[in-house]
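Step one of this worksheet: look at the structure below.
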Amino acid sequence: MNSMSAAPNPTNYERENLGRVGANDERGKDVLVISVGEILENLLELQNLDSQIAALKRTGEVSPDLKGKQEELKRVSLREQEKLKSIDDLRLNRNQTKSALEICRQRILKADAASKDIKSASVFQAIIKEIDQLKTLEQDLEVKDNSITKDFEALQAQLSEIQNERTNLENSIGSASGIKKEKERGTEGKIREIESLKNQVISKIPASNVALYTRLIQARGGVAISRILGSACGACHMTLPPQFFIQLGRSPNIEQCPNCHRILVPLRIEKGGH
Ligand SMILES: [Zn+2]
65 MNSMSAAPNP
75 TNYERENLGR
85 VGANDERGKD
95 VLVISVGEIL
105 ENLLELQNLD
115 SQIAALKRTG
125 EVSPDLKGKQ
135 EELKRVSLRE
145 QEKLKSIDDL
155 RLNRNQTKSA
165 LEICRQRILK
175 ADAASKDIKS
185 ASVFQAIIKE
195 IDQLKTLEQD
205 LEVKDNSITK
215 DFEALQAQLS
225 EIQNERTNLE
235 NSIGSASGIK
245 KEKERGTEGK
255 IREIESLKNQ
265 VISKIPASNV
275 ALYTRLIQAR
285 GGVAISRILG
295 SACGACHMTL
305 PPQFFIQLGR
315 SPNIEQCPNC
325 HRILVPLRIE
335 KGGH
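Those letters in the sequence shown? Residues 65 to 338, per the numbering used here, in order.
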């Protein structure tokens, strides 16, 4: 028991004051006198349980790692689409080159055949010249065809690399989501356990204090209780006036920080310490 707990034999005055704090009107007759110290201990326990629940809920959120992988998958899929489009374009280009080459070769064969029956030297010269030009064109087209084939192979290799990357990402996202679901099931169970502990603690705290605590939890980012550190509120760090400490020693009520309104707890009150 600490100094703020009820004395073993409270005077009538004390009984009246403690009763005012502690009597739980809603739950009535069985509730005995409960000291401010005990209320604060229970509120601390409640805060601890609520913080545990908040932490469990946070771990249930999509991890930055998984989010990053999902973003990466989007980018990889986009690159895959682009690569497929390039491959299609190149395939068209390659087909055109191949048919141009085919036409060129046929013209060479025709010109060759025609050159055999030519009597006129000048016409013969012209055909030979045409054949030379066609052969140059044939060479150029062959070079182009080779280079397209190489580009095509390179693109195919890049595509399969991208597709591997995509498959790996999909697998890892799949298993991460599976782990996440499993975690969520465990988390829900733990939260239920803590909720039932919370109910036990709540039953020991006067309803008006529970109501205040609940309002503060909602309004103050899940932190309703603040330790007094030195002479300041541990949550908002505002220095508390000396007057406040005089009042704190005497007050039969729980006190709130004048700045952030959180319920103030002197350092000497331990969570669960009886
Ligand atoms: Zn404060």
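Just so it is clear, CB atoms sit at the ideal spot from N, CA and C, and this is done for glycine as well.
Burial check for valine 329: the Cβ neighbour count within 10 Å reaches 16 or more, so the residue is buried. Apart from sequence neighbours up to five positions away, the residues of its chain that approach isoleucine 191 with a beta-carbon distance below 8 Å are Ala175, Ala178, Ser179 and Ile182, ordered along the chain. Nearest to alanine 275 by C-alpha distance, out of Ala185, Leu120, Glu105 and Ile327, is Ile327.
Taking all protein chains in view, the Cβ of aspartate 153 is surrounded by fewer than 16 other Cβ atoms within 10 Å, so the residue is classified as exposed. Annotated three-state conformation of cysteine 168 is helix, per DSSP. A straight-line Cα-Cα distance of about 44 Å links methionine 302 and serine 241. Its chain contains Leu113 as the residues whose beta carbon lies nearer than 6 Å to that of lysine 262, once the 5 sequence neighbours on both sides are disregarded; these appear in chain order.
Residues of the same chain with their beta carbon placed closer than 7 Å to that of asparagine 228 are lacking, with the five preceding and five following residues left out of the count. Contact check for leucine 107 against isoleucine 292 fails: the beta carbons are separated by 7 Å or more. Of all residues, those with a beta-carbon under 6 Å from at least one heavy atom of ligand 1 are Ser290, Cys297, Ala299, Cys300, Met302, Cys321, Asn323, Cys324 and Arg326, reported in chain order. If you look at arginine 291, you'll find it in the beta strand (DSSP E) that goes 289–293. Separation of the CB atoms of leucine 223 and leucine 148 is rounded to 7 Å, and the pair is thereby assigned contact status at 8 Å.
When only Cα atoms are considered, serine 272 and lysine 247 end up about 36 Å apart.
Annotated three-state conformation of isoleucine 266 is helix, per DSSP. The straight-line gap separating the alpha-carbon atoms of arginine 314 and alanine 299 is approximately 23 Å.
If the five residues before and after glutamine 320 are omitted, its C-beta is found closer than 7 Å to the C-beta atoms of Arg326, Ile327 and Leu328, all from its own chain and listed in chain order.
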